[in-house]
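Protein chains: 2
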Amino acid sequence: MLEKFFSKETSYLRTSEIRDLLKLTEGRDVISLAGGLPDPQTFPVEEIKKIVNDILTNYYDRALQYSTTAGIFEFRKELVNLSRLRGISNISEKNIFVTVGSQEALFMLFNILVDPGDEVIVEAPTYLAALNVMRTRRPNFNSINVNDNGPDLDELEKKVREKVSDGKKIKLIYVIPTAQNPAGTTMNLDNRKRLLEIASKYDFLVVEDDAYGFLVFEGDSPPAIKALDKEGRVIYTGTFSKILTPGLRLGWVVAHEDVIRELELYKQNIDLHTPSLSQFIAMEAIRRGVIQNNLPKIRRIYKEKRNVMLEAIQEYFPKDARWSKPIGGMFVFAWLPEKIDTTKMLEKALQKGVAYVPGSSFYADYSGKNTMRLNFSYPSKEQLVEGIKRLGETIKQELNV
Amino acid sequence: MLEKFFSKETSYLRTSEIRDLLKLTEGRDVISLAGGLPDPQTFPVEEIKKIVNDILTNYYDRALQYSTTAGIFEFRKELVNLSRLRGISNISEKNIFVTVGSQEALFMLFNILVDPGDEVIVEAPTYLAALNVMRTRRPNFNSINVNDNGPDLDELEKKVREKVSDGKKIKLIYVIPTAQNPAGTTMNLDNRKRLLEIASKYDFLVVEDDAYGFLVFEGDSPPAIKALDKEGRVIYTGTFSKILTPGLRLGWVVAHEDVIRELELYKQNIDLHTPSLSQFIAMEAIRRGVIQNNLPKIRRIYKEKRNVMLEAIQEYFPKDARWSKPIGGMFVFAWLPEKIDTTKMLEKALQKGVAYVPGSSFYADYSGKNTMRLNFSYPSKEQLVEGIKRLGETIKQELNV
Numbered sequence: 116m117l118e119k120f121f122s123k124e125t126s127y128l129r130t131s132e133i134r135d136l137l138k139l140t141e142g143r144d145v146i147s148l149a150g151g152l153p154d155p156q157t158f159p160v161e162e163i164k165k166i167v168n169d170i171l172t173n174y175y176d177r178a179l180q181y182s183t184t185a186g187i188f189e190f191r192k193e194l195v196n197l198s199r200l201r202g203i204s205n206i207s208e209k210n211i212f213v214t215v216g217s218q219e220a221l222f223m224l225f226n227i228l229v230d231p232g233d234e235v236i237v238e239a240p241t242y243l244a245a246l247n248v249m250r251t252r253r254p255n256f257n258s259i260n261v262n263d264n265g266p267d268l269d270e271l272e273k274k275v276r277e278k279v280s281d282g283k284k285i286k287l288i289y290v291i292p293t294a295q296n297p298a299g300t301t302m303n304l305d306n307r308k309r310l311l312e313i314a315s316k317y318d319f320l321v322v323e324d325d326a327y328g329f330l331v332f333e334g335d336s337p338p339a340i341k342a343l344d345k346e347g348r349v350i351y352t353g354t355f356s357k358i359l360t361p362g363l364r365l366g367w368v369v370a371h372e373d374v375i376r377e378l379e380l381y382k383q384n385i386d387l388h389t390p391s392l393s394q395f396i397a398m399e400a401i402r403r404g405v406i407q408n409n410l411p412k413i414r415r416i417y418k419e420k421r422n423v424m425l426e427a428i429q430e431y432f433p434k435d436a437r438w439s440k441p442i443g444g445m446f447v448f449a450w451l452p453e454k455i456d457t458t459k460m461l462e463k464a465l466q467k468g469v470a471y472v473p474g475s476s477f478y479a480d481y482s483g484k485n486t487m488r489l490n491f492s493y494p495s496k497e498q499l500v501e502g503i504k505r506l507g508e509t510i511k512q513e514l515n516v
Numbered sequence: 116m117l118e119k120f121f122s123k124e125t126s127y128l129r130t131s132e133i134r135d136l137l138k139l140t141e142g143r144d145v146i147s148l149a150g151g152l153p154d155p156q157t158f159p160v161e162e163i164k165k166i167v168n169d170i171l172t173n174y175y176d177r178a179l180q181y182s183t184t185a186g187i188f189e190f191r192k193e194l195v196n197l198s199r200l201r202g203i204s205n206i207s208e209k210n211i212f213v214t215v216g217s218q219e220a221l222f223m224l225f226n227i228l229v230d231p232g233d234e235v236i237v238e239a240p241t242y243l244a245a246l247n248v249m250r251t252r253r254p255n256f257n258s259i260n261v262n263d264n265g266p267d268l269d270e271l272e273k274k275v276r277e278k279v280s281d282g283k284k285i286k287l288i289y290v291i292p293t294a295q296n297p298a299g300t301t302m303n304l305d306n307r308k309r310l311l312e313i314a315s316k317y318d319f320l321v322v323e324d325d326a327y328g329f330l331v332f333e334g335d336s337p338p339a340i341k342a343l344d345k346e347g348r349v350i351y352t353g354t355f356s357k358i359l360t361p362g363l364r365l366g367w368v369v370a371h372e373d374v375i376r377e378l379e380l381y382k383q384n385i386d387l388h389t390p391s392l393s394q395f396i397a398m399e400a401i402r403r404g405v406i407q408n409n410l411p412k413i414r415r416i417y418k419e420k421r422n423v424m425l426e427a428i429q430e431y432f433p434k435d436a437r438w439s440k441p442i443g444g445m446f447v448f449a450w451l452p453e454k455i456d457t458t459k460m461l462e463k464a465l466q467k468g469v470a471y472v473p474g475s476s477f478y479a480d481y482s483g484k485n486t487m488r489l490n491f492s493y494p495s496k497e498q499l500v501e502g503i504k505r506l507g508e509t510i511k512q513e514l515n516v
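Chains R and U, in that order, are what the protein sequence lines are. The C-terminal position of the first sequence is numbered 516 in the numbering used here, with every residue numbered one higher than the one before it. The C-terminal position of the second sequence is numbered 516 in the numbering used here, with every residue numbered one higher than the one before it.
Below, the structure written as structure tokens:
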């Protein structure tokens, strides 16, 4: 009835068919491998309870009051310390900006950086919520395939050279270098250096989404690309959703002061500031070492669950499927035989009692029809085995159609 | 250095000179009448402490986890109850949408509703942060003067008729009917009805900002315009910043389901959802009657402070100044002799040790050069008297230049 009043510019906001399908699972006996939720076992709830009590006893007048747009000063100081764990040094609180989850950081960054028609580079596949924000800016997408070491840098350099020889300018690359969502791959140090060299040579920005940088459970986590940045070219986003709890909705940006200033002006329009209480809880959690001390437990839980999922896939998936073996994060990505369209197969999987996210949502050009993303962080180990079993049966039936 | 990378579309985001001036007050002996902060005395901190402890004991797994974009279901149920206190009935949780403060509601609404060139109606003066968001949409502003009973509805109807006879269509009016920020006026029931009749006759939307609807401390608060709405034409925004605490960053929208659906799709891009912990705190605060029982105390504190400010103004301001006598809210608005430019005078006031917001920021056309907004909710009574005394001296000196 009210449609006639809605902006033409936001008409891109349509309901997603996949979300509609997944809504059908609510209240039914469906094992969801489609989500991206952390395991509540990983929440340090007793420590948080103590922290909140201390905050409301000692400085409730600040914790419940309005605060500054860029983030509470002492919290930004602690974020300088936390970022150091990802190898990022030589920054001060002036390079830090606090957001409502890293989603708000991505929303703001792509809005202040990308104009319609701008050339942007994304991984194929890449994080779908980042793609969704970028799409609203109507850029020209350049997709780079992800291999075992992250984005294919030969392909990247070739693409960039082509664009440049066409007189085009690249604006930015959006990259998830560690435990990539959804592909599960991690760039090694050499590739990180090389990516930054290419960005420097052709003068474009690097938006580095480090959502899983603290969640590497096998081997060491390579330093953030931002740690290698001497030119202020890299804009880093981090999140508390995976290392503390998502319900506080806290993310942060590390960037050149010019970027911080733009973010500040934009966020005043969006929501004035990030909730003060959430910020103080996370600040105390860093200061008291709660986050740092809890990371080994989170990594152990997710490593065990990844192992359970990979073993189940090995047992129940057809032999000609491939899948990632992530060293961190929350997801396994699977490439099924080309014959299968995972979007079409979803309804059958739901009938069998298992949900996943069809992979095409993670491609700027909606390719990857035969791929799917599988979450191992939230379901119990029993659900992981049973879910993969149901999924394997669905796939095998689909292959025999 | 990085300016070349920034979007042309967000170049409107410039630093405000006034904010730069006010930043100079930090750490100096300046009494600020420029803010809009609630008095921390009004925060029910012991009750909140108990609530958080109960939440983290009984359902931490939900309170710290991701939640749904529109808002937590049980919280939306309680918001139906809270909205009833403003006379709004015949709605369900499907008409409720939870936001990061009411600022996010305004940001989203003006983005989904307003296209460049659209005709919008605003009060003169009106809330500056709403104006700032609207400006980014580049509409055509139609300003309606505010008198003792809210916007001048004769002027409104005349303006609308002119536009219609020019073949134009009005998209919406943005209105703060109760204890208006900054003008301090409140629309009576008849005017609310008449405004809605005009909106219905000429088929435009009413965006009703009810930030101070619960904060009327003299006489009864008239029902929200939304309470009179039978056509789904009114979009209502409320906030917890003034009735619980601002640091939780909680606001809500009451609207037709079509609007809620658009908001949901947009918010998925912005920040996925409003912090779960904040929502559960406010939910329990409604459920346990904490908010309802605390309102009389808030009203008493603000009524006393308003009285102190009005008495001081009466004593120290020049006789040919006028000012509002608000029956609620947090602000007094003053019209000084035309000779005075309050933006130019601000630096002198700061030197005398008092800050205010120059009124022109509250006018879409930056008129109102001789006006200023004065906050009485946050400073102590002693500060209110001393601040107004310093301001009176500044004004009198300025008049004698």
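C-beta: ideal position from N, C-alpha, C; glycine also.
Can you list the beta strand (DSSP E) stretches of 3 or more residues lying completely in the stretch 261–319 of chain U, in chain order?
-> Runs found: 285–290.
is_contact[K274/R, chain U] using C-beta, thresh 8 Å = Reading the first sequence from its first residue, position 159 is the one you call residue 274/R. Contacts with chain U at 8 Å (Cβ-Cβ) do not include K274/R.
Please classify M487/R: does DSSP put it in a helix, a strand, or coil?
-> Against the first sequence, residue 487/R aligns to sequence position 372. Assignment of M487/R by DSSP, reduced to helix, strand and coil, places it in the strand class.
Output, in chain order, the set of chain R residues within a Cβ distance shorter than 8 Å of G216/U.
-> By 1-based counting over the second sequence, the position of residue 216/U is 101. The contacting residues are D386 and L387.
For T354/R, which residues in chain U fall below 9 Å Cβ to Cβ?
-> Position 239 of the first sequence, counted from the first residue, corresponds to residue 354/R. Neighbours of T354/R on chain U: none; closest Cβ ~11 Å, over 9 Å.
Check the Cβ-Cβ distances between R364/R and every residue of chain U, and say whether any is below 8 Å.
-> The residue you call residue 364/R lines up with position 249 of the first sequence. R364/R belongs to the set of residues whose beta carbon lies under 8 Å from a beta carbon in chain U.
Same chain only: Cβ atoms within 7 Å of R129/R, ignoring 5 sequence neighbours per side = Against the first sequence, residue 129/R aligns to sequence position 14. Any reading at R129/R must be qualified, since the residue scores a pLDDT of 43, below 50, and its modelled position is unreliable; the value itself is stated next. Answer for R129/R: no residue qualifies.
Measure from the C-beta of Y175/U to each C-beta in chain R and report whether the shortest distance is under 8 Å.
-> Counted from its first residue, the second sequence places residue 175/U at position 60. Y175/U has a beta carbon lying within less than 8 Å of a beta carbon in chain R.
Nearest residue (CA-CA) to G328/R, options S122/R, K341/R, K382/R and I236/R = For this step, residue 328/R is matched to residue 213 along the first sequence. By alpha-carbon distance to G328/R, the top candidate from S122/R, K341/R, K382/R and I236/R is K341/R.
Among I187/U, F222/U and N257/U, which one has its Cα closest to the Cα of A239/U?
-> Indexing the second sequence from 1 puts residue 239/U at position 124. Considering only alpha carbons, the answer is N257/U.
Expected contact under 8 Å - CB spacing of G474/R and F448/R to nearest Å = Translated into the one-based positions of the first sequence, residue 474/R becomes position 359. Translated into the one-based positions of the first sequence, residue 448/R becomes position 333. Rounded to the nearest angstrom, the Cβ distance from G474/R to F448/R is 7 Å, consistent with a contact under 8 Å.
Could you tell me whether the Cβ of V290/R comes closer than 8 Å to any Cβ of chain U?
-> Counting from 1 along the first sequence, the entry for residue 290/R is found at position 175. Not an interface residue.
Supposed close pair P254/R, G232/R - CB separation, criterion 8 Å = The residue labelled residue 254/R in the question sits at position 139 within the first sequence. The residue labelled residue 232/R in the question sits at position 117 within the first sequence. Confirmed, Cβ separation roughly 7 Å.
Output, in chain order, the set of chain R residues within a Cβ distance shorter than 7 Å of G265/U.
-> In the second sequence, residue 265/U corresponds to position 150, counting from 1. Correct list: empty, because the minimum Cβ distance to chain R is about 23 Å.
For N168/R, go through chain U and note every residue whose CB falls closer than 8 Å to its CB, in chain order.
-> The count along the first sequence starts at 1 and reaches residue 168/R at position 53. The contacting residues are K164, V167 and N168.
Looking at the structure shown, is G186/U part of a helix, part of a strand, or coil, going by DSSP?
-> For the purposes of this step, residue 186/U is taken as residue 71 along the second sequence, with counting starting at 1. Three-state result, G186/U: coil.
Range of the contiguous alpha helix (DSSP H) that encloses E513/U | Taking the first residue of the second sequence as 1, we reach residue 513/U at position 398. Segment K496 to L514, the alpha helix (DSSP H) holding E513/U.
Are R201/U and A339/U touching if we call contact CB-CB under 8 Å?
-> Locating residue 201/U in the second sequence gives position 86, where the first residue counts as 1. Locating residue 339/U in the second sequence gives position 224, where the first residue counts as 1. A contact, by the Cβ cut-off of 8 Å.
Curious, which full-length beta strand (DSSP E) runs of at least 3 residues does the stretch 383–456 of chain U contain?
-> DSSP runs (the beta strand (DSSP E)) wholly in the stretch 383–456 of chain U: 446–450.
From V237/U to K440/R, what distance separates their C-alpha atoms?
-> Here residue 237/U refers to the residue found at position 122 when the second sequence is read from its first residue. Here residue 440/R refers to the residue found at position 325 when the first sequence is read from its first residue. In a straight line, the C-alpha of V237/U is about 57 Å away from that of K440/R.
Which chain U residues are close to Q498/R, counting only those with a beta carbon under 9 Å from its beta carbon?
-> Here the question's residue 498/R lines up with position 383 in the first sequence. Neighbours of Q498/R on chain U: none; closest Cβ ~16 Å, over 9 Å.
Neighbourhood of Y127/U by C-beta distance below 8 Å, restricted to the same chain and skipping five residues each side = Taking the second sequence and counting its residues from 1, the one referred to as residue 127/U is at position 12. Residue placement at Y127/U is flagged as unreliable, the pLDDT there being 48, under the threshold of 50; the coordinate-derived value follows with that caveat. Once the five neighbours on either side are set aside, the close Cβ partners of Y127/U are R250 and T251.
At least one CB of chain U closer than 8 Å to the CB of V374/R: is that the case?
-> Along the first sequence, read from residue 1 onward, the residue named residue 374/R stands at position 259. Taking Cβ atoms only, chain U reaches closer than 8 Å to V374/R, which makes this a yes.
CB-CB length for L365/R against G216/R, believed under 8 Å = Translated into positions along the first sequence, residue 365/R becomes position 250. Translated into positions along the first sequence, residue 216/R becomes position 101. Sure, about 7 Å apart at Cβ, within 8 Å.
Measuring alpha carbon to alpha carbon, tell me which of P297/R, S280/R and S336/R ends up nearest L304/R.
-> Numbered from 1 along the first sequence, position 189 holds the residue referred to as residue 304/R. Minimum Cα distance to L304/R is reached at S336/R.
Contacting residues, own chain, Cβ-Cβ under 8 Å from F121/U (five flanking each side not counted) | Locating residue 121/U in the second sequence gives position 6, where the first residue counts as 1. Cβ within range, chain order: n/a, list empty.
Any 3 or more C-beta pairs closer than 8 Å across the stretch 292–310 of chain U and the stretch 453–470 of chain U = The stretch 292–310 of chain U vs the stretch 453–470 of chain U: no contact.
Check whether the Cβ of A178/R lies closer than 8 Å to any Cβ atom in chain U.
-> Taking the first residue of the first sequence as position 1, residue 178/R is located at position 63. Cβ-Cβ to chain U under 8 Å: yes for A178/R.
Taking C-alpha atoms, which residue in P297/R, I313/R and T486/R lies nearest to Y242/R?
-> Taking the first residue of the first sequence as 1, we reach residue 242/R at position 127. Nearest option by C-alpha distance: P297/R.
When burial is assigned at 16 or more other CB atoms within 10 Å of the CB, is V516/R buried or exposed?
-> Here residue 516/R is taken as the residue at index 401 of the first sequence, counted from 1. If you draw a 10 Å sphere on the C-beta of V516/R, you find fewer than 16 other C-beta atoms in it, and that means exposed.
CA-to-CA distance, V349/R to S482/U, given in whole angstroms = Your numbering for residue 482/U matches position 367 in the second sequence. Your numbering for residue 349/R matches position 234 in the first sequence. Between the C-alpha atoms of S482/U and V349/R there is a straight-line separation of about 42 Å.
Return no unless some Cβ of chain U is closer than 8 Å to the Cβ of P390/R.
-> Stepping through the first sequence from its first residue, residue 390/R is reached at position 275. Closer than 8 Å: yes.
Taking only beta-carbon atoms, is T360/R less than 8 Å away from chain U?
-> In the first sequence, residue 360/R corresponds to position 245, counting from 1. So yes, T360/R belongs to the interface.
Neighbourhood of L221/U by C-beta, 6 Å cutoff - its chain only, sequence neighbours within 5 removed | Position 106 of the second sequence, counting from 1, holds the residue named residue 221/U. The answer, listed in chain order, is A245 and V248.
Output yes if chain U places a C-beta closer than 8 Å to the C-beta of T251/R; else output no.
-> As a first step, residue 251/R is located in the first sequence; it is residue number 136 there, counting from the start. At least one CB of chain U lies nearer than 8 Å to the CB of T251/R.
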